[in-house]
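Working notes for the structure below.
There are 2 protein chains.
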Amino acid sequence: MNQKGKITMAHGSGGRATNELIKEIFADEFSNPVLDAMEDAAVVSGSKNIAFTTDSFVVDPLEFPGGDIGRLSVCGTVNDLLMRGATPKYLTCGFVLQEGLELSVLRRIVHSFAETAREAGVAVVAGDTKVVEGTGGLIINTAGVGFLPEDVSISAANCRPGDAIIVSGDLGDHHAAILSHRMNINNSIVSDCAPLCEMVQSLISEGIRVHCLRDVTRGGLGTVLKELAESSGVTMAVEEGLLPVNAQVRDFCGLMGLDPLYMGNEGKLVAFVAEEDAKRACEIISNCAYGKQAAVIGSVTDEMPGSAYVKTSIGGKRVLDVLFGEGLPRIC
Amino acid sequence: MNQKGKITMAHGSGGRATNELIKEIFADEFSNPVLDAMEDAAVVSGSKNIAFTTDSFVVDPLEFPGGDIGRLSVCGTVNDLLMRGATPKYLTCGFVLQEGLELSVLRRIVHSFAETAREAGVAVVAGDTKVVEGTGGLIINTAGVGFLPEDVSISAANCRPGDAIIVSGDLGDHHAAILSHRMNINNSIVSDCAPLCEMVQSLISEGIRVHCLRDVTRGGLGTVLKELAESSGVTMAVEEGLLPVNAQVRDFCGLMGLDPLYMGNEGKLVAFVAEEDAKRACEIISNCAYGKQAAVIGSVTDEMPGSAYVKTSIGGKRVLDVLFGEGLPRIC
Chain D
12 MNQKGKITMA HGSGGRATNE LIKEIFADEF SNPVLDAMED AAVVSGSKNI
62 AFTTDSFVVD PLEFPGGDIG RLSVCGTVND LLMRGATPKY LTCGFVLQEG
112 LELSVLRRIV HSFAETAREA GVAVVAGDTK VVEGTGGLII NTAGVGFLPE
162 DVSISAANCR PGDAIIVSGD LGDHHAAILS HRMNINNSIV SDCAPLCEMV
212 QSLISEGIRV HCLRDVTRGG LGTVLKELAE SSGVTMAVEE GLLPVNAQVR
262 DFCGLMGLDP LYMGNEGKLV AFVAEEDAKR ACEIISNCAY GKQAAVIGSV
312 TDEMPGSAYV KTSIGGKRVL DVLFGEGLPR IC
Chain P
12 MNQKGKITMA HGSGGRATNE LIKEIFADEF SNPVLDAMED AAVVSGSKNI
62 AFTTDSFVVD PLEFPGGDIG RLSVCGTVND LLMRGATPKY LTCGFVLQEG
112 LELSVLRRIV HSFAETAREA GVAVVAGDTK VVEGTGGLII NTAGVGFLPE
162 DVSISAANCR PGDAIIVSGD LGDHHAAILS HRMNINNSIV SDCAPLCEMV
212 QSLISEGIRV HCLRDVTRGG LGTVLKELAE SSGVTMAVEE GLLPVNAQVR
262 DFCGLMGLDP LYMGNEGKLV AFVAEEDAKR ACEIISNCAY GKQAAVIGSV
312 TDEMPGSAYV KTSIGGKRVL DVLFGEGLPR IC
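Line order of the protein sequences matches chains D and P.
For the first sequence, the positions run 12 to 343 when my numbering is used.
For the second sequence, the positions run 12 to 343 when my numbering is used.
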């Protein structure tokens, strides 16, 4: 086997080959004074309240229409911090490389990771690489720290009856893009994979009374609504006719028998805001780069605490449960 | 294939099967008010200066004499924080499960992870699980946040000529334990995998002038000494006769043609302290549970900046470089 231009087990030694890999592929892309010092842990300035989270990414394929595992790994963690109202500040990354991974692919993914981190305003301050046997795959874990203003209290337990429910745009794009690509179906559906800093920070700085935020990922909006109904002890009532779905994705779903309510996104959020702020919040989101299709889709009620339902276009009520079964494997 | 008692792709859906897995295996073990809230990110109290780091763990086998991947995953990240003089506070964990992993094995590993976190005084505040195809393996990523007193400045760049070089105990134990186990060699060598909180915190609270700390992992002490010589622009001079190596590990190395200077540990550190504090520092470490075999092994000089060497027992000088080649794959 020709190992030139590919990851080998030696790259996992912790010795010279590891150092060269880090120098050649990671160092320039992620360069900042803290990381460049190559210490065991990064020492950075903190704040009185911090938000801290992690996510692992196993998406297959590594590169897909609209993004790649590098961009996804930044967005997933940055978005989780934003969902508490925190300003994302620092990221760590753990790259688990499979033997045989093309260095050219790794280089592109690391570049995309670094570009997305710059877009999101976060510094990569620590990292780790490991090598395992395999067939050229890659798993990335990211952890993130953000700073939290003392007067912000956004939580899964804070949805209140009367709140408007807003989604920031079309449902199901990431899921449909990954699935189309895997099935070799030719269409122009692209992943919505994006960092949501602009819209969350705008909502907060404009004084919108945001009670809860959640990014819509694995499990889809249906799962999110049911989980938040339970966490807040309220009812989520949304209208089928108001759910934003891109026309091409809608056709794709019809063909495949998929339900956009249970498909994953990677650049969409659902916001629960005070009723009087709903219109303005929706406008603020619509003015952001990744929020053009934002829509109010329903409201929080106290009819049946812990439950969620969708009013169908023919006037029925369909109760939403969390996703049951497999969903799409390795979507994020 | 009988899937009962094993991880399946459905456990990665983000829906009901994922929730049940988290509830049954992780929730009780890691329980604390922050984690129990099941938010997208944990909100915790911070401090003016924080240390932040990450590490991924791919050790094979998952359970080995003296530890398992769960204990290792806590120790690796906690120890990295300690090496900056920080007090470890919070951990996140990302579990990447391979289809077919026995739930009973996962349960033991999660329990061991939780026990070690308690031992190290850190709270698990956020986590993530993913499922990939495979043959029952497991990869864990941990990230950690620690608090740093303002007057502590421990860094890879701070070794100074005159400093004493102390190792906290026997070299090569983890490496020898993993290799023996893989080769089905019967001996009583066990991994030294341990959190080093007690010794680092004792050194600092006793006022020892600690200039630099580094845990001895992949690549071994030889690699560490060379890297720190470069970071600090000094020379590391150690004596072969002073290196602590357990008799059984020494025999094993002789048999296998291995060099303890390039073998990984998972519960040892090398400390660079002011010469006058050397004896007391060594005593403090020796009084800790994981530091019984601590020894002064040499000193920092300014002979050849950026280089490290070992004085052999027959009076020669052997220059130390970073590990070249593969080392032992999947040791941590």
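Even for Gly, the Cβ is constructed at its ideal location relative to N, Cα and C.
| Item | Value |
| --- | --- |
| What does DSSP give as the partner residue(s) for D:S297 in the beta ladder? | According to DSSP, D:S297 bridges with nothing at all. |
| In chain order, what residues of the same chain have a beta carbon less than 8 Å from the beta carbon of D:V256, not counting five sequence neighbours either side? | D181, L182, G183, C264, P271 |
| Going along the chain, which residues of the region 97-117 of chain P sit with their C-beta nearer than 8 Å to a C-beta in chain B? | This model lacks chain B altogether; the protein chains it does include are D and P. |
| Given this structure, state the Cα-to-Cα distance separating P:E130 from P:S166, to the nearest angstrom. | 25 Å |
| Counting only runs of 4+ residues fully inside the region 146-189 of chain P, write out the alpha helix (DSSP H) ranges in chain order. | none |
| Identify the contact partners of P:R329 in chain D, using a Cβ-Cβ distance below 8 Å as the criterion. | Under the 8 Å cutoff, chain D gives no residues; its nearest Cβ is about 17 Å from P:R329. |
| Using 8 Å as the Cβ pair cut-off and three pairs as the minimum, do the region 66-77 of chain P and the region 128-143 of chain P touch? | no |
| Answer yes or no: does any C-beta atom of chain D fall closer than 9 Å to that of P:N30? | yes |
| Is the beta carbon of D:L331 closer than 9 Å to that of D:L236? | yes |
| Hey, out of P:F124, P:E31, P:V221, whose CA is closest to P:L280's CA? | P:V221 |
| Going by Cα to Cα distance, which pick from P:E161, P:V178, P:F106, P:K15 is closest to P:V358? | Missing from the structure shown is residue 358 of chain P; chain P here goes from 12 to 343 and no further. |
| Under the rule that 16 or more other beta-carbon atoms within 10 Å means buried, what is D:D288, buried or exposed? | buried |
| Hey, would you say P:A28 sits closer than 9 Å to D:E337, going by beta carbons? | yes |
| Closer than 7 Å, Cβ to any Cβ of chain D: which residues of the region 313-343 of chain P, in chain order? | V333, L334, F335, G336, E337, G338, P340, R341 |
| Beta-carbon of D:I18 versus every beta-carbon of chain P: anything under 9 Å? | no |
| Which residue comes first and which comes last in the alpha helix (DSSP H) that contains P:N90? | 80-93 |
| Give me, in chain order, the residues of the same chain whose beta-carbon lies closer than 7 Å to that of D:D313; leave out the 5 immediate sequence neighbours on both sides. | P172, V245, T246 |
| Flag D:I150 as yes if its beta-carbon sits less than 9 Å from any beta-carbon of chain P, otherwise no. | yes |
| Looking at the structure shown, is P:V245 part of a helix, part of a strand, or coil, going by DSSP? | coil |
| For the region 48-62 of chain D, list every residue whose C-beta sits within 9 Å of some C-beta in chain P, in sequence order. | A48, M49, E50, D51, A52, A53, V54, V55, S56, G57, S58, K59, N60, I61, A62 |
| Using a C-beta to C-beta distance shorter than 9 Å, which residues of chain D count as neighbours of P:D79? | Per Cβ cutoff of 9 Å: no residues; P:D79 is ~17 Å from chain D at best. |
| Sorted by chain position, which residues of the same chain lie with C-beta nearer than 7 Å to P:K303's C-beta, five sequence neighbours on each side aside? | G180, S297 |
| Helix, strand or coil, according to DSSP, for P:C104 in the structure here? | strand |
| Within 10 angstroms of the Cβ of D:P44, are there 16 or more other Cβ atoms? Answer buried if so, exposed if not. | exposed |
| Establish whether the CB of P:S243 and some CB of chain D are separated by less than 9 Å. | no |
| Output needed for P:S324: all residues of its chain with C-beta closer than 7 Å, excluding positions within five of it in sequence on either side, in chain order. | E251, G252 |
| Taking Cβ positions only, does D:S202 come closer than 9 Å to chain P? | no |
| Give, in chain order, every residue of the region 117-143 of chain P whose Cβ lies closer than 9 Å to some Cβ of chain D. | V136, A137, G138, D139, T140, K141, V142, V143 |
| Going by other Cβ atoms of all chains shown within 10 Å of its Cβ, with 16 needed for buried, is D:M274 buried or exposed? | buried |
| Suppose contacts are defined by Cβ-Cβ distances below 9 Å. Is D:G57 in contact with P:N60 by that definition? | yes |
| How close, in whole Å, do the beta carbons of D:A137 and P:L92 come, if the pair is a contact with beta carbons under 8 Å? | D:A137 to P:L92, Cβ: 10 Å. No contact. |
| Within 10 angstroms of its Cβ, does D:M315 collect 16 or more other Cβ (buried), or is it exposed? | exposed |
| Can you round the beta-carbon distance between D:S213 and D:C299 to whole angstroms, since I take them to be within the 8 Å contact cut? | 6 Å |
| Use the C-beta contact count for P:A258: other C-beta atoms within 10 angstroms, 16 or more gives buried, fewer gives exposed. | exposed |
| Is P:L197 helix, strand or coil when you go by DSSP? | For the sequence presented, residue 197 of chain P should be read as Asn rather than Leu. In the structure shown, P:N197 sits in coil (DSSP, three-state: anything other than H, G, I, E or B). |
| If you follow the beta strand (DSSP E) that P:S56 is part of, which residue opens it and which one closes it? | 53-56 |
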